[in-house]
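Participant: Going by the working numbering, the first residue of the sequence shown is number 6, and it counts up by one from there.
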Amino acid sequence: MQYNYHTHTARCNHAQGEEREYIERAIENGLKVLGFSDHAPYAFPNTDYRSHYRMDDGELFDYAETVRALAKEYERDIRILCGFELEYYPKYHAEEMAFLAQVRPDYLIMGQHFIGNETDGKPIFLQSDDRDLTAYVTQVLEGLSTGDFLYLAHPDIPGFRFSKAATDREYRRLCEGAKALSIPLEINLLGIRSKRHYPDERFFAIAAEVGNEIMLGCDSHSPASVGEPSSEKIAREMVKKLGLKLIEQPFL
Ligand SMILES: [Zn+2]
Ligand SMILES: [Zn+2]
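(1) List the residues that DSSP assigns as beta-bridge partners of residue 50.
(2) With a CB to CB cut of under 7 Å and the five nearest residues on each side skipped, what residues in its chain are close to residue 33?
(3) Quickly, what does DSSP pair residue 193 with across the bridge? List them, please.
(4) For residue 123, which residues from the same chain have a beta carbon less than 8 Å from its beta carbon, with the 5 sequence-adjacent residues on both sides left out?
(5) Return yes when at least one heavy atom of ligand 1 lies under 7 Å from the C-beta of residue 13, else no.
(6) Closer than 7 Å to a non-hydrogen atom of ligand 1 - does that hold for the CB of residue 17?
(7) Report the three-state DSSP secondary structure of residue 90 (helix, strand or coil).
(8) DSSP three-state label for residue 119, please.
(9) Are residue 8 and residue 38 close, meaning C-beta to C-beta below 8 Å?
(10) Counting along the chain, where does the alpha helix (DSSP H) carrying residue 108 start and finish?
(11) Per DSSP, which one or two residues make a beta bridge with residue 41?
(12) Which residue marks the beginning of the alpha helix (DSSP H) containing residue 237, and which one marks its end?
(13) Return the chain-ordered ranges of every alpha helix (DSSP H) run that is complete within the region 140-216 and spans a minimum of 4 residues.
(14) Heavy atom of ligand 1 less than 7 Å from the Cβ of residue 226, yes or no?
(15) Under a Cβ-count criterion, where at least 16 other Cβ atoms within 10 Å of its own Cβ denotes burial, should residue 152 be classed as buried or exposed?
(16) Would you mind working out which of 171, 203 and 215 sits nearest residue 187, comparing C-alpha positions?
(17) Can you say whether residue 1 is buried or exposed, counting buried as having 16 or more other CB atoms within 10 angstroms of its CB?
(18) Considering only heavy atoms of ligand 1, does any lie closer than 7 Å to the CB of residue 44?
(19) In or out: residue 65 buried (at least 16 other Cβ within 10 Å) or exposed?
Encoded structure:
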């Protein structure tokens with residue numbers, strides 16, 4: 006693969022390894038672009054809530070400075086970008102964007118794990134009520150329509166525990182909405198490596214019908230998974246089988 010825009014660092018408390026090891030592995034595996042997109046720090050003003058799966062607010066500058074120093078050091082071998090994976094939380098989004106703007110991120114990807122706000126909502130991947138799937142799709146499309154996001158990571162994270170009618174309707178609405186906004190959808194390679202419930206072929210069959218642009222994302226939480234060929238191969242088999250429009254070239 007030529008690019009990967011979905012890469013974490015140890016700051017999020019559930020990834021391992023030095024940034025340098027991620028970069029060296031990307032070069033070994035022939036990537037032209039490696040984007041770091043660690044779980045963005047989120048301040049959640051006026052609440053005591055603290056998120057455990059993202060970097061602390063105080064690590065914002067260290068993250069950006071570390072990645073940019075390495076980008077310079079490795080510029081002859083690979084293009085390194087500094088981004089974030091971010092949820093769209095309506096109540097906090099404007100402040101969050103201003104907070105992140107302090108380090109001028111190269112891009113954001115949306116990885117929506119909650120419906121509502123993280124402080125008062127619920128994890129979407131544990132729900133089975135049709136109304137929760139509808140809420141997820143509505144929230145994702147509202148977030149994507151801000152224009153703040155490069156692509157949608159693991160779009161099918163809610164899974165297939167909802168009624169068939171709601172699943173067909175809502176996933177089609179998600180694919181059509183993303184297409185209208187020209188926002189690609191990710192086949193998540195972490196899901197393949199870890200045998201998670203996503204990526205699901207049933208979701209991507211809908212994306213194929215709608216004609217969405219598709220990207221591959223390693224969602225690396227360890228250096229060994231950057232550009233890892235066996236999960237890429239499985240993803241490519243799905244691309245071929247379903248006739249998906251895969252973006253091959255880096256575009257950032
Ligand atoms: Zn993570
Ligand atoms: Zn991720």
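Every residue gets a Cβ at the ideal spot worked out from N, C-alpha and C, and that includes glycine.
Facilitator: From the atom records:
(1) As a working note, residue 50 is residue 45 in the sequence shown. For residue 50, which the question treats as bridged, DSSP gives no partner whatsoever.
(2) Sequence index remark: in the sequence shown, residue 33 carries index 28 (1-based). Cβ neighbours of residue 33 beyond the five flanking positions: none.
(3) The residue given as residue 193 occupies position 188 in the sequence shown. DSSP lists 222 as partners of residue 193.
(4) The residue labelled residue 123 in the question sits at position 118 within the sequence shown. The residues 47, 49, 54, 56, 92 and 94, in chain order, have a CB closer than 8 Å to that of residue 123 in the same chain once the five nearest residues on each side in sequence are set aside.
(5) The residue you call residue 13 lines up with position 8 of the sequence shown. Yes; taking the cut-off as 7 Å, the Cβ of residue 13 has a heavy atom of ligand 1 nearer than that.
(6) Residue mapping note: residue 17 aligns to position 12 of the sequence shown, counting from 1. Yes, the Cβ of residue 17 comes within 7 Å of a heavy atom of ligand 1.
(7) In the sequence shown, residue 90 corresponds to position 85, counting from 1. Residue state, collapsed to three classes: strand.
(8) Counting from 1 along the sequence shown, the entry for residue 119 is found at position 114. Three-state DSSP puts residue 119 in a strand.
(9) As a working note, residue 8 is residue 3 in the sequence shown. As a working note, residue 38 is residue 33 in the sequence shown. Yes, these two residues count as a Cβ contact at 8 Å.
(10) In the sequence shown, the residue the question calls residue 108 occupies position 103. Neither: residue 108 is in no alpha helix (DSSP H) and is coded neither H nor E.
(11) Translated into positions along the sequence shown, residue 41 becomes position 36. According to DSSP, which records beta bridges pairwise, residue 41 is partnered with 87.
(12) As a position in the sequence shown, residue 237 is number 232, starting the count at 1. Per DSSP, residue 237 belongs to the alpha helix (DSSP H) from 234-247.
(13) 169-185, 194-198 and 206-215
(14) In the sequence shown, residue 226 corresponds to position 221, counting from 1. Indeed, a heavy atom of ligand 1 lies less than 7 Å from the Cβ.
(15) One-based indexing of the sequence shown puts residue 152 at position 147. Residue 152 comes out exposed.
(16) Taking the sequence shown and counting its residues from 1, the one referred to as residue 187 is at position 182. When only C-alpha atoms are compared, the closest one is 215.
(17) Nothing can be reported for residue 1, as the shown portion of the chain is limited to 6 through 257.
(18) Locating residue 44 in the sequence shown gives position 39, where the first residue counts as 1. Result yes, Cβ under 7 Å from ligand 1.
(19) Residue 65 sits at position 60 when you count from the first residue of the sequence shown. Its Cβ being crowded by 16 or more others within 10 Å, residue 65 is buried.
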